[in-house]
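Novice: Counting the sequence shown from 1 gives a position; the working numbering is that position plus 1473. Just so it is clear, CB atoms sit at the ideal spot from N, CA and C, and this is done for glycine as well. Note that the structure is a prediction, hence the values are computed from the model and not measured. Below you'll find the structure I mean.
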Amino acid sequence: MLLNLLLFWMYAYVILAIGFGFLKSVRPWLKREDDSIHPGFVLLFGQFAIGVVALLAHFFVALDHVLPVLGIILLFILGVNRLPAISLSNHLLVLGACLLAIPYTIGVDPGYDGGLYHIPHQLWLREEKIVFGLANFHGRFGFSSFQEYVWAMQWIGDRLNLVAFSGGLYFVAFFIFIYRWIRAKDGEIVFLVMALLATMAVFVRFGATDVFFITGFTFIDNQAGLLVILTFLFGYQLLRDDGLTPGRDASDVDFLLLLFLGLLTFLLKLSTVLVLGWVGYVSLSLGRQGRISLSKICVPCLLAFGLILIWLAKNVITTGCFLYPATGTCLDLAWAATANAQADAHWVTAWARHPHSGLSALESWAWLKEWWGPTYAKQFLRYLIVCAALVAAALCVTRLFKLPLAPSSTKLAGLLFVLGALAFWFLNAPNPRFGSGALLLFPPIVGLHFLGRLDAPMPHSPRLRWLRSIAVAFLLAGAVWGGWKHRHDAPFLSGFEVVRAPVPEVLDDPVYGVRPEVGDTCWAAPRCAPSSRPEPLVWRDYLLFPAPEGQTGE
């Protein structure tokens, strides 16, 4: 483990340098410089930069080509000179966060979905430039996440250690954000963060980690859930800054950060689309308060909008749909994977409702009584207990500090966003790991509604420091317990665990490529899919998988 930790720490600094390089490259379009962006943000910018370079390059070359590699090296060179300027406290913060996150990067396997489509899709990205109608070859490839582009750049031969490290960096960034918010002067933010840590600690302690989190390092559910939480809390903090810091206006950098968090969350997982609504609400609210101007948000909005257009263009090329598997967004194109989109949308919802009932789960609400309710009843009973405990804690704090109870539009907006996200999750794919962000936010935001109004910075009293120490203890205990209980036989004091992508036995497909000899997982077998596929065409040096006749978009 010690060697893994050392390499993980070094990897974090490489990503920090890339993040600084990306920020340096976009500063000419900003109105001012801001060196106060903390390492948690810079780590996410580093991941984001790798993905953007890969996404743009993939329109023209495969990702094992030297072009995207040179782009990433250039960003590293631009940003590496910023590393010595990092303060000692931030160096220690990065090291501590890496120590907490390292269990999530070793001793874990890629997971079933990794072999089904995550790793096979990354292999396609590495070996072939963008493919028209790729979702006709394998429908699950239509679910491609922005993170797949980040990971596809980090294979070393068949070794996936950097892929695991990359997923672990989201936990590092999360821990850094949480630490900084615990030290904030805003009592509501401190309460939300402490309540969040308490919620996470309870579920880790009582074995719900497999319910709300999944440990396979090729999944992106954990990362998307963490980003939902970060986007919500950062937006809430921007709304709360008014009055807490007199004369302090939201800046162009603040909006770059908020839009960046919302955009990255959406690109990682389509089902988090409502987070863009939260970003929009925060932006409009600050605009109505006169704390921002069009000139301050214009450039960040244009940058975000431009990337969304590029992402949608990629979706249309690979699936024939703007937002796969939403069939209403599919176009009438020769390669539109409309049939696969419809099938995948139905199967994902049916599986999340009742994994053993097939598509019958779509026909009635019987799945609630037959499987979903009995399966999750114990965990959701604890969930309600946590909500009640946080309400009681909020009332105690209100009485202790003699805080006035008063309605708050910010609290109400936060609650409505979380409720909307939960409703969207429950109707479309009610497996808890698909809604981990909103599920973990609900108890804290409910408790917050019973907390008295805090319109001034809280003093750094011994009592407050004691409460923050409890929050840190929750963080340490929850993170370490949650990580180590899921590690298997990874080396501890010595050695280095090499993570490889397995290659199964395959059979030649009569039409094109290969299929697995047993089961439906292809892992790192090239040109592999478990089901039938059309024969590809070559159009202007690009592969094109046509849709089956009569199944193109309407």
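What is the DSSP secondary structure of F1605, counted as helix, strand or coil?
Specialist: Three-state DSSP puts F1605 in a strand.
Novice: DSSP three-state call for L2016: helix, strand or coil?
Specialist: Reduced to three states, the DSSP call for L2016 is strand.
Novice: Is C1995 helix, strand or coil when you go by DSSP?
Specialist: C1995 falls in the coil class under three-state DSSP.
Novice: Where do the N-terminal and C-terminal ends of the beta strand (DSSP E) with L1987 fall, by residue?
Specialist: The amino acid occupying residue 1987 in the given sequence is Val; Leu does not appear at that position. Its beta strand (DSSP E) spans residues V1987 to P1989.
Novice: Go to L1980, then tell me how far its alpha helix (DSSP H) extends in each direction, as first and last residue.
Specialist: Run containing L1980: none in the alpha helix (DSSP H); it sits in the beta strand (DSSP E), V1979 to D1981.
Novice: When you compare only the Cα positions, how much space is there between T1800 and V1891?
Specialist: Looking at the two C-alpha atoms, the distance is approximately 26 Å.
Novice: Looking at S1617: is its Cβ nearer than 8 Å to the Cβ of T1791?
Specialist: Cβ atoms of S1617 and T1791: closer than 8 Å.
Novice: Under DSSP, the alpha helix (DSSP H) around E1621 begins and ends at which residues?
Specialist: First-last of the alpha helix (DSSP H) with E1621: F1619 to A1625.
Novice: Can you name, in chain order, every residue of its own chain whose Cβ lies under 8 Å from the Cβ of I1702, other than the five neighbours on each side?
Specialist: Result list for I1702: F1647, L1669, G1910, L1913 and L1914, in chain order.
Novice: Using only the alpha-carbon positions, how far apart do S1562 and L1927 sit?
Specialist: Roughly 29 Å separates the two Cα atoms.
Novice: Report buried or exposed for F1533, applying the criterion of at least 16 other Cβ atoms within 10 angstroms of its Cβ.
Specialist: Exposed, because fewer than 16 other Cβ atoms sit within 10 Å of the Cβ of F1533.
Novice: Under 8 Å: do the stretch 1653-1666 and the stretch 1617-1637 share three or more Cβ pairs, one atom per stretch?
Specialist: No: fewer than three Cβ pairs fall under 8 Å.
Novice: Under 8 Å between C-beta atoms, does F1890 make it to chain C?
Specialist: Going by chain labels, chain C is absent from the structure shown, which holds only one protein chain.
Novice: Could you give the first and the last residue of the continuous alpha helix (DSSP H) run that contains R1599?
Specialist: Counting along the chain, the alpha helix (DSSP H) containing R1599 begins and ends at I1592 to E1600.
Novice: Could you spell out the range, first to last residue, of the alpha helix (DSSP H) harbouring I1546?
Specialist: That run of the alpha helix (DSSP H) goes V1539 to G1552.
Novice: Of the residues Y1486, L1832, L1572 and H1827, which one's Cα is nearest the Cα of E1428?
Specialist: Residue 1428 lies beyond the stretch modelled for the chain, which goes from 1474 to 2027, so this question has no answer here.
Novice: Which residues does DSSP pair with L2010 in a beta bridge?
Specialist: BP columns for L2010 point to L2017.
Novice: I'd like the span of the alpha helix (DSSP H) that includes H1531, first residue to last.
Specialist: Segment P1512 to H1531, the alpha helix (DSSP H) holding H1531.
Novice: Within 10 angstroms of the Cβ of L1873, are there 16 or more other Cβ atoms? Answer buried if so, exposed if not.
Specialist: Flag for L1873 reads exposed.
Novice: When the Cα atoms are used, what is the spatial distance from A1834 to L1782?
Specialist: Using only the alpha carbons, I get a separation of about 35 Å.
Novice: Locate the alpha helix (DSSP H) running through P1847, then write down its first and last residues.
Specialist: From DSSP, the alpha helix (DSSP H) with P1847 extends over G1846 to L1873.
Novice: How many Å lie between S1639 and D1582 at the Cα?
Specialist: Going by the C-alpha atoms only, they are around 14 Å apart.
Novice: First and last residue of the alpha helix (DSSP H) that includes P1916?
Specialist: Run containing P1916: S1909 to L1921, per the alpha helix (DSSP H) assignment.
Novice: Can you look up I1702 in the DSSP assignment and give me helix, strand or coil?
Specialist: It is helical.
Novice: Using 8 Å as the threshold, is the C-beta distance between P1541 and A1522 below it?
Specialist: No, the Cβ-Cβ distance between P1541 and A1522 is not below 8 Å.
Novice: Straight-line CA distance for T1883 to T1745?
Specialist: If I take the Cα positions, the gap works out to 21 Å.
Novice: Between the Cα of L1548 and the Cα atoms of L1642, F1518, P1576 and L1536, which residue gives the shortest distance?
Specialist: If we check each option's Cα against that of L1548, F1518 comes out closest.
Novice: If you count every other CB in all the chains shown that lies within 10 Å of the CB of S1766, and 16 or more means buried, which is it?
Specialist: When all chains shown are included, S1766 counts as exposed.
Novice: Secondary structure at I1783, three-state DSSP: helix, strand or coil?
Specialist: Residue state, collapsed to three classes: helix.
Novice: Round the Cβ separation of G1615 and A1810 to the nearest angstrom and send it over; I've been treating them as touching at under 8 Å.
Specialist: Indeed, because the Cβ distance is near 6 Å, the residues count as touching under 8 Å.
Novice: Do you know offhand how far Y1622's Cα is from G1698's?
Specialist: Cα-Cα distance, rounded: 19 Å.
Novice: Pull the bridge partners of R1973 from the DSSP assignment, please.
Specialist: Its beta-bridge partners are R1632.
Novice: Let me confirm a value: W1628 is counted as buried when at least 16 other C-beta atoms fall within 10 Å, else exposed. Which label applies?
Specialist: Flag for W1628 reads buried.
Novice: Is it true that the CB of V1726 sits closer than 8 Å to the CB of T2028?
Specialist: A query on residue 2028 cannot be resolved here, the shown segment of the chain reaching from 1474 to 2027 and no further.
Novice: Return the first residue and the last residue of the alpha helix (DSSP H) that Y1577 is part of.
Specialist: Neither: Y1577 is in no alpha helix (DSSP H) and is coded neither H nor E.
Novice: Out of L1895, N1904 and C1860, which one is the CA nearest neighbour of V1919?
Specialist: Measuring from the Cα of V1919, the nearest candidate turns out to be C1860.
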